[in-house]
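See structure below.
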C-alpha cells in the first residue's frame with residue numbers, strides 16, 4: 032500500500048465534507064445498486080455487510096447522501112466528516128447514538144445491543160456492520176483469510192438469522208484517479224438455524240472469500256490485511 036493510498040484510507044469521508052450533494056455523489060461510480068434496492072423492497076430491513084477494505088466509511092456517506100434509512104452497528108468512528116457526525120444523535124430508542132457498541136461492554140450490554148439492532152432491522156432500516164472483525168468469546172467462529180486462520184465476530188450472522196433480513200455485501204475502493212468505486216453485491220439469506228458456531232462459520236467464510244477476492248484484485252486498497260498475524264501467532 033503506497034503512502035497516498037494510506038492517506039486516503041485514513042481520511043475516511045473527510046475529503047467529501049463540505050461539498051454539495053451533487054458534487055459529493057459525483058465522486059462515486061456505483062455498481063449493483065439494484066441489489067440493494069431489491070433487498071430493501073422485501074420490507075425486512077437489510078444487513079449491509081461491509082469490511083475494512085479500501086474506503087470503508089464511504090458507502091455510509093453515499094447512503095446518507097441518498098437518504099437511505101441507515102444505521103451503523105460498530106464502535107463510534109473517529110476522524111469523520113461533520114456531515115456524517117450530524118447523523119449520530121441519540122434521540123429515540125432506534126437512534127444512531129444508541130447503536131454504537133463498545134469493546135469494553137459486558138454480556139448484558141452486548142445482549143441489549145443485539146436486541147436493539149434486531150428491532151432496527153425489523154423496522155425496515157439498513158444496518159451497516161463489518162464482517163472482518165477479529166474477535167474472541169461468544170458469537171465468533173474460526174475462518175480462513177489469505178491462507179491463515181483467525182477468529183471472527185459472527186454478530187452479523189446472528190442478526191441476519193434472527194431478523195431474516197437479507198444480507199448485501201458492499202465494497203468501496205479508491206481508484207487511480209481518486210474516484211470511489213462503490214459495489215453492492217447480490218443479496219443472500221441466512222437461515223434461522225445459522226447462529227451456532229459451525230453454521231455461522233460457513234457464512235463468515237462466504238463473506239471472507241468475497242473480501243479476499245477484493246484484496247487480491249486491488250492490493251493497494253488492502254490497508255492492514257497484509258500484516259495480520261495468524262491465530263496461532265496472535266495467541267503467543
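Residue numbers (our numbering): 32 to 267.
Just so it is clear, CB atoms sit at the ideal spot from N, CA and C, and this is done for glycine as well.
Under 8 Å between C-beta atoms of residue i and residue j
i: residue 80; j: residue 238; result: yes
i: residue 174; j: residue 183; result: yes
i: residue 212; j: residue 204; result: yes
i: residue 159; j: residue 104; result: yes
i: residue 234; j: residue 225; result: yes
i: residue 190; j: residue 78; result: yes
i: residue 241; j: residue 216; result: yes
i: residue 102; j: residue 151; result: yes
i: residue 221; j: residue 199; result: no
Whole-angstrom distance between residue j and residue i, CA atom to CA atom
i: residue 185; j: residue 114; result: 30 Å
i: residue 257; j: residue 84; result: 11 Å
i: residue 59; j: residue 72; result: 23 Å
i: residue 119; j: residue 260; result: 33 Å
i: residue 161; j: residue 82; result: 5 Å
i: residue 66; j: residue 201; result: 10 Å
i: residue 248; j: residue 206; result: 12 Å
i: residue 168; j: residue 89; result: 30 Å
i: residue 244; j: residue 144; result: 31 Å
i: residue 214; j: residue 93; result: 12 Å
i: residue 63; j: residue 53; result: 20 Å
i: residue 170; j: residue 236; result: 14 Å
i: residue 252; j: residue 232; result: 25 Å
i: residue 178; j: residue 250; result: 15 Å
i: residue 230; j: residue 142; result: 20 Å
i: residue 208; j: residue 86; result: 14 Å
i: residue 112; j: residue 246; result: 26 Å
i: residue 255; j: residue 51; result: 32 Å
i: residue 91; j: residue 110; result: 14 Å
i: residue 153; j: residue 163; result: 24 Å
For residue i, three-class secondary structure by DSSP
i: residue 193; result: helix
i: residue 188; result: helix
i: residue 61; result: strand
i: residue 200; result: strand
i: residue 230; result: helix
i: residue 220; result: coil
i: residue 247; result: helix
i: residue 158; result: strand
i: residue 72; result: coil
i: residue 256; result: helix
i: residue 239; result: helix
i: residue 94; result: helix
i: residue 210; result: coil
i: residue 172; result: strand
7 Å CB neighbourhood of residue i in its chain, flanking five on each side removed
i: residue 155; result: 74, 76 and 100
i: residue 165; result: 181, 182 and 183
i: residue 34; result: Confidence in residue 34 is poor, its pLDDT being 48 and thus under 50, which makes the residue's placement unreliable; the coordinate value appears in the next sentence. Nothing meets the Cβ criterion.
Chain-order list of residues whose beta-carbon lies under 8 Å from that of residue i (same chain, five-residue window excluded)
i: residue 147; result: 124, 125, 129 and 130
i: residue 228; result: 171, 172 and 185
i: residue 210; result: 58, 59 and 60
Chain-order list of residues whose beta-carbon lies under 6 Å from that of residue i (same chain, five-residue window excluded)
i: residue 69; result: none
i: residue 56; result: 96
i: residue 98; result: none
i: residue 223; result: 192
i: residue 117; result: none
Within-8 Å CB hit, residue i to chain D
i: residue 247; result: The structure shown has no chain D; it contains just one protein chain.
Completely contained beta strand (DSSP E) runs for the stretch 96-120, where each covers 3 or more residues: 101-103
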